[in-house]
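Anchor point for the sequence shown: position 122 equals 146 in this note's numbering, and the numbering is continuous, going up by one each time.
All remarks here apply to the structure that follows.
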Amino acid sequence: MKLSYLYGKLMKKLQGTCVINSNIDKTSVVGTNCNVVGVRMSRYSYFGSDCQIVNAEIGAFCSISDHVFIGGAEHPLDWVSTSPVFQNTRHSGPSKRIAKFDLPKSKKTIIGNDVWIGHGVTIKQGVVIGNGAVVGSNALVTKDVLPYAIVGGVPAKTIKYRFPKEVIDRLEEIQWWNLPDEKITEVVDLFHIKNPSLEDINRYFPDNHNVVGIVCVCGGGKYQNINKLQ
Ligand SMILES: CC(C)(COP(=O)(O)OP(=O)(O)OC[C@H]1O[C@@H](n2cnc3c(N)ncnc32)[C@H](O)[C@@H]1OP(=O)(O)O)[C@@H](O)C(=O)NCCC(=O)NCCS
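Have a look at this one:
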């Protein structure tokens, strides 16, 4: 291994990361130089480096790349000034006398399960991203994203869907992300089939399988409501 590579890795590690008031599952990873505040993240998800994530619920099996901003603060648009010096926050700085007003409460952002968020994405606070969705690199997401949609652009628009509707509906029904590891191990070959058909999925989940009420790992059940966006 090259010395310069190891040096780069070490320098990245030294940058550290800041996680406050958050609950990150032990199987999940927060990259270097991230600022994570008020975040709950379920199993097998990760943030890359240089992310800023505030007041968010993140499902399981999510892949969140570098330089992603989720739930950034909003300044008041309808006050005489948008400047935070009028708010009672750490930004008040030397102008304490005019820092009179409470900060408006931020809205929680919800990211479903098995969501892939590309490099450099910004997601506005309060947005709900459906299970299985993909957000293309450098997108600015201002509106909710439907399950299994692929969105991109500024502002983000739907480019296409990952699978046909009947497959999406079945995956939403199965909610495989809520299964315990042992059950996922049993059906793991399904995860290697390209463009799986309904028949493929039903081969691995033959009955009217729905994990709701059977197993719920790391709060995954919280995301059931986002199945109903359509
Ligand atoms: C969104 C994405 C997943 C789509 O991949 P794809 O299906 O192979 O996309 P294609 O190249 O076939 O493009 C399909 C259409 O979407 C557009 N598109 C692709 N990526 C886009 C993006 N990030 N933003 C806006 N539009 C995008 C293409 O221009 C094309 O438009 P057209 O149909 O009008 O010609 C991919 O482009 C992307 O952004 N991946 C993220 C990469 C990344 O950030 N990696 C970091 C490491 S995790």
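No residue lacks a Cβ here, since even glycine has one placed at the ideal position from N, Cα and C.
Hey, out of the options, whose CA is closest to residue i's CA?
i, options, result
"V109", "K124, L101, E98", "K124"
"D126", "T113, K120, I147, R186", "T113"
"V43", "Y68, K26, C75", "C75"
"K148", "P179, L170, Y172", "P179"
"G156", "A84, D231, T51", "A84"
"S161", "V151, G150, K181, K207", "K181"
"Y185", "H143, V158, K207, F71", "V158"
In the DSSP assignment, find the beta strand (DSSP E) that holds residue i and state where it starts and stops.
i, result
"R64", "59 to 65"
"Y185", "181 to 185"
"T24", "No answer is possible for residue 24: the residues shown for the chain start at 25 and end at 254."
"E81", "76 to 82"
"I44", "42 to 44"
Would you mind giving the Cβ-Cβ distance between residue i and residue j, rounded to the nearest angstrom? I have them listed as a contact below 8 Å.
i, j, result
"A163", "V145", "5 Å"
"G55", "V78", "Between V78 and G55 the Cβ distance is about 16 Å, and since that is not below 8 Å, they are no contact."
"N57", "S73", "5 Å"
"G154", "L170", "5 Å"
Let me confirm a value: residue i is counted as buried when at least 16 other C-beta atoms fall within 10 Å, else exposed. Which label applies?
i, result
"N45", "exposed"
"L195", "buried"
"F215", "exposed"
"Q111", "buried"
"E81", "buried"
"N219", "exposed"
"I217", "exposed"
"V104", "exposed"
State the Cα-Cα distance for the pair residue i and residue j, rounded to the nearest angstrom.
i, j, result
"R64", "I48", "6 Å"
"R67", "W200", "13 Å"
"V191", "L222", "5 Å"
"K132", "V60", "13 Å"
"L253", "V175", "Caution is warranted here: a pLDDT of 33 is assigned to L253, below 50, making its placement in the model unreliable, and no coordinate value can be reported."
"L34", "K50", "22 Å"
"P128", "D168", "21 Å"
"Y172", "C86", "13 Å"
"G96", "S130", "9 Å"
"P100", "I122", "16 Å"
"K26", "V152", "42 Å"
Does the Cβ of residue i lie closer than 8 Å to at least one heavy atom of ligand 2?
i, result
"N45", "This structure does not include ligand 2; its bound ligands are ligand 1."
Is there at least one Cβ from chain C nearer than 9 Å to residue i's Cβ?
i, result
"I174", "Among the chains in the structure shown there is no chain C, since it carries only a single protein chain."
Starting from residue i and walking both ways along the alpha helix (DSSP H), at which residues does that stretch end?
i, result
"V191", "189 to 198"
"I174", "Unbroken run through I174 is the beta strand (DSSP E), 173 to 176; no alpha helix (DSSP H)."
"T209", "205 to 210"
"E223", "222 to 228"
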